[in-house]
Amino acid sequence: MSSTDWPQAAVASLKAAGLNYDFLLAASERAAFLHGLVVTLELAVAAIVCSLVAGLLLAAMLVSRHGWLALPARAFVEVTRNTPTLVQLYCAFLVLNMLITEALKLSGGNPLTPFLWVVVVISLHKAAFHAEALRAGLLAVPPVMLEAAASLGFTTTRRLWLVQFPLALRFALPSLVNNLVDLVKMTTVASAIAVGDVTYQAIMIWSQRDNVLELMLLLLIFFGLLTWLVNRGGRALEHYWRMPGYGR
Amino acid sequence: MADNTELTARLPAWRSARSITLPAAAALGIALLLALAVLWVIPVWTASPLLGHILRWLPALLWGMLANIQISVLAIALGTAAGLVIGALQLSPVLPVATVARWYVQIFRNAPMLILIYFSTYVFPFEIRLGSTYLAFPDWIKVTLGLALPASANVAEIFRGAIGGIPSAQWEAAAQLGLRRSQAYRWVILPQCLRRMLPPWMNLYATITMGTALASLVGVKDLLDTAQIASSTVNRVDFTVAVYFLTLLLFFLYCYPISRLTQYLEKKHAFH
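Protein chains in written order, with my numbering: chain A, 1199 to 1446; chain B, -12 to 259.
Right, dumping it as structure tokens:
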């Protein structure tokens, strides 16, 4: 067997097993599917970074002593946690995006893409969960530690950044990793507004070829792999940041 | 030491900031904000037919919401029944059984809900043959099954966590009292598990309820689908804004009380 026809052989043997992966041999469909994988990866990475930054800001607002900061943050967190992501995505993409398009009709059109809206919605959605985890982490820091830091002459700001925050981050890390696993799975909603992620491409292919089960298996393997990677990354970070005297 | 007095003064304030008043005030604020978003054009109403459109579509939207609730209740019921069995199998002393159960839990906990919904929608037949009669297998039941899969895997995990959280001394004490393993399980362990399982189970229910919004993507006539139809039928900018935020508000009104109750139960049982 030459090196060029092993894909044909692989697809043929899968077909013998009852699985129709013919689309992998059609250049355009294969390219679309691979591009979908890349788009999902880009979505996940962009949303992970943005959600962590936004979560940190939200957490800072949540624990603020100023009501005008804490109250809107609390309201945002509660609304976000208690409404479906898909409805939020529609409110953003079908409503806000439409209003922006209307407003910018005369000045050259709307520069915001569906991809950007998905990143914004998923990031803000998960930021609410991150913020709750970080807030719980901040409250879990034993007061004695803060008193000890104060008695060593740390100023309030230095105590926050050098003592309280690093400890809070370690307490919150398992929840944060859990949230990120959820975030990766959540990127599938992008298909609802035709972003061209892997789920969307899979739907396009199976509506042509009627091979739902085959694509479903690929998607499950792909998302299984992604969530596993995020989990492993989290574990490694937990190990790297482990504190003497806590955990196993 | 100015720093020290500041510290002692601040700590209680940090803690009291999250007492019951803030969430309650926040909830009120949110409800008001959402209501404002829905009613954002009160002055315009008198001149425009927006209110009329909303009132005309409200029954259909609420009817759609009922479909969401129906799917969520059925999915959590099926998921709980299956999940308790799978959770017990996970702890089975027969190794192959436990391994298969763990794999089931791993796969369905890590699979995106949307993919499972597509899976159940396209893979199950649209009718089932029972003898000579054909039973219709409507889309909403398929979505229910698609949501019951992750629900069962999560219930199994919640169950396993609850059993693992019972001190082993409880088993030993039950054995000392002369209870058989099955009796200890039924009369000592399980009652304590149920109490521990309730808050995460309610969280799961809220998650499943929010997952039902995905049903609109496979053509089930739920709240979100009705909202989309309403928006394109009426075809007015102000109505589109109102109907989507109304959808958000309706989901919030259903899920927020569940989340508050969960937090209350968590706090109540925190030290048991």
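We put the beta carbon where it would ideally sit given N, CA and C, even for glycine. These numbers were taken from a predicted model, which means no experiment stands behind them.
What is the rounded straight-line gap between the Cα of residue i and the Cα of residue j?
i         : j         : result
A:TYR1438 : A:LEU1367 : 13 Å
B:PRO187  : A:GLY1265 : 30 Å
A:ARG1440 : B:GLN170  : 41 Å
B:ALA68   : B:LEU82   : 22 Å
B:ALA123  : B:PHE111  : 11 Å
A:ASN1409 : B:SER119  : 29 Å
B:GLU(-7) : A:SER1321 : With a pLDDT of only 46 at B:GLU(-7), under 50, the local geometry of the prediction cannot be trusted, and the value read off the model is given with reservation. So the alpha carbons of these two residues sit roughly 35 Å apart.
B:ILE216  : B:LEU78   : 48 Å
A:ALA1329 : A:HIS1323 : 10 Å
A:PHE1221 : A:LEU1417 : 14 Å
B:SER107  : A:TRP1359 : 49 Å
A:VAL1379 : A:ALA1390 : 20 Å
B:ARG167  : A:LEU1239 : 53 Å
B:VAL230  : B:ALA214  : 6 Å
B:ILE63   : B:ILE128  : 13 Å
A:LEU1314 : A:SER1262 : 30 Å
A:LEU1413 : A:TRP1404 : 7 Å
B:PRO130  : B:LEU235  : Checking the sequence, you will find Val at residue 130 of chain B rather than Pro. Computed Cα separation, rounded: 21 Å.
A:GLY1335 : A:PRO1341 : 12 Å
A:PRO1282 : B:ALA143  : 24 Å
A:GLY1431 : B:ARG43   : 52 Å
A:LEU1302 : A:LEU1411 : 44 Å
B:VAL205  : B:ILE58   : 14 Å
B:SER218  : A:VAL1247 : 34 Å
A:VAL1209 : A:VAL1236 : 23 Å
B:ASN97   : A:SER1305 : 45 Å
A:ALA1388 : B:GLY165  : 58 Å
B:LEU233  : A:ALA1258 : 30 Å
A:PRO1312 : A:PHE1291 : 7 Å
Across which residues does DSSP place residue i in a beta bridge pair?
i        : result
B:ILE115 : B:LEU122
Once the 5 residues before and after residue i are set aside, which same chain residues still bring their CB inside 7 Å of it?
i         : result
B:ALA149  : CYS180, ARG183 and MET184
B:ILE245  : MET189, TYR192 and ALA193
A:LEU1310 : ASN1295 and ILE1298
B:LEU157  : Sequence check: residue 157 of chain B is Gln here, not Leu. VAL175 and ILE176.
B:LEU201  : MET100, LEU101 and ILE104
B:THR227  : SER218
B:TRP1    : Low local confidence applies: a pLDDT of 45 at B:TRP1 is under 50, so the model's placement there is unreliable, with the coordinate-based value given in what follows. Result list for B:TRP1: empty, nothing under 7 Å.
B:MET52   : LEU210 and LEU237
Report all residues from its chain with a CB closer than 6 Å to the CB of residue i; omit the five preceding and five following residues, and keep chain order.
i         : result
A:LEU1212 : TYR1219
A:ALA1325 : SER1249, ALA1252, GLY1253 and LEU1256
A:THR1386 : THR1397
A:ALA1273 : none
B:VAL221  : HIS40
A:ARG1279 : ALA1326
B:GLY70   : SER139, VAL142 and ALA143
B:ALA22   : none
A:SER1373 : ALA1331
A:GLN1399 : ALA1230, PHE1231 and GLY1234
B:THR199  : ASN55, ILE58 and SER59
B:GLY262  : Because chain B here runs from -12 to 259, residue 262 of chain B falls outside it and cannot be looked at.
Please go through the same chain and pick out, in chain order, the residues whose beta-carbon is closer than 8 Å to the beta-carbon of residue i, but skip the five residues on each side of it.
i         : result
A:VAL1361 : VAL1339, MET1343, LEU1344, ALA1347 and PHE1352
A:ALA1434 : none
A:THR1425 : VAL1379, VAL1382 and LYS1383
A:ARG1357 : LEU1344, ALA1347 and ALA1348
B:LEU248  : MET189
A:ASN1308 : ASN1295, ILE1298, THR1299 and LEU1302
B:MET197  : PHE238 and CYS242
Can we count residue i as close to the ligand SAH, meaning its CB is less than 7 Å from some heavy atom?
i         : result
A:ILE1320 : Absence of the ligand SAH from the depicted structure is noted, as is the absence of any ligand whatsoever, leaving it without description.
Going along the chain, which unbroken runs of the alpha helix (DSSP H) with 4 or more residues stay wholly within the stretch 1368 to 1422 of chain A?
1396 to 1407
Could you give the uninterrupted runs of the alpha helix (DSSP H) lying entirely in the stretch 1204 to 1230 of chain A, keeping only those of 4 residues or more?
1204 to 1214
Taking any Cβ of chain A, which residues in the stretch 82 to 111 of chain B have a Cβ under 8 Å from it, in chain order?
ILE94, ASN97, ALA98, PRO99, MET100, LEU101, ILE102, TYR105, PHE106, TYR109 and VAL110
Within 8 Å of chain B by C-beta, residues of the stretch 1275 to 1302 of chain A in sequence order:
GLU1276, VAL1277, ARG1279, ASN1280, THR1281, PRO1282, THR1283, LEU1284, VAL1285, GLN1286, TYR1288, CYS1289, LEU1292, VAL1293, MET1296, LEU1297 and GLU1300
For the stretch 1373 to 1403 of chain A, enumerate the residues whose C-beta is nearer than 9 Å to any C-beta of chain B, in chain order.
VAL1379, VAL1382, LYS1383, MET1384, THR1385, THR1386, VAL1387, SER1389, ALA1390, THR1397, ALA1400 and ILE1401
Listed from N- to C-terminal order along the chain, which residues in the stretch 177 to 198 of chain B have their beta-carbon within a distance smaller than 9 Å of any beta-carbon of chain A?
Under the 9 Å Cβ criterion, the stretch 177 to 198 of chain B contributes ALA193, THR196, MET197 and GLY198.
Pick out the complete alpha helix (DSSP H) segments inside the stretch 1306 to 1341 of chain A, 4 residues or longer, and give them in chain order.
1312 to 1338
Please list the residues of the stretch 227 to 250 of chain B that have a C-beta atom closer than 7 Å to any C-beta atom in chain A, keeping them in chain order.
THR227, VAL228, TYR231, PHE232, THR234, LEU235, PHE238, PHE239, CYS242, TYR243 and SER246
Could you tell me which whole alpha helix (DSSP H) segments of length 4 or greater appear in the stretch 85 to 172 of chain B?
For the stretch 85 to 172 of chain B, whole alpha helix (DSSP H) runs of length 4 or above, ordered along the chain, are 100 to 110, 126 to 151, 155 to 163 and 168 to 171.
Near-chain B residues of the stretch 1416 to 1427 of chain A (beta-carbon distance less than 7 Å), N- to C-terminal order
Cβ contacts with chain B come from LEU1417, LEU1418, PHE1421, GLY1422 and THR1425.
In chain order, each beta strand (DSSP E) run of at least 3 residues that lies wholly inside the stretch 199 to 231 of chain B
Correct list: empty.
Unbroken alpha helix (DSSP H) runs of length 4 or more, entirely within the stretch 1267 to 1304 of chain A: which are they?
Annotation note: the stretch 1267 to 1304 of chain A contains the following uninterrupted alpha helix (DSSP H) runs of length 4 or greater, listed N- to C-terminal: 1283 to 1288 and 1295 to 1301.
Residues in the stretch 130 to 142 of chain B having any Cβ partner in chain A nearer than 9 Å
none
Under 7 Å, CB to CB, which of the residues in the stretch 1240 to 1269 of chain A have a partner in chain B?
VAL1261, ARG1263, ALA1268 and LEU1269
May I ask you to list, following chain order, the residues of the stretch 10 to 25 of chain B that have a beta carbon less than 8 Å from some beta carbon of chain A?
PRO10, ALA12, ALA13, ALA14, GLY16, ILE17, LEU20 and LEU21
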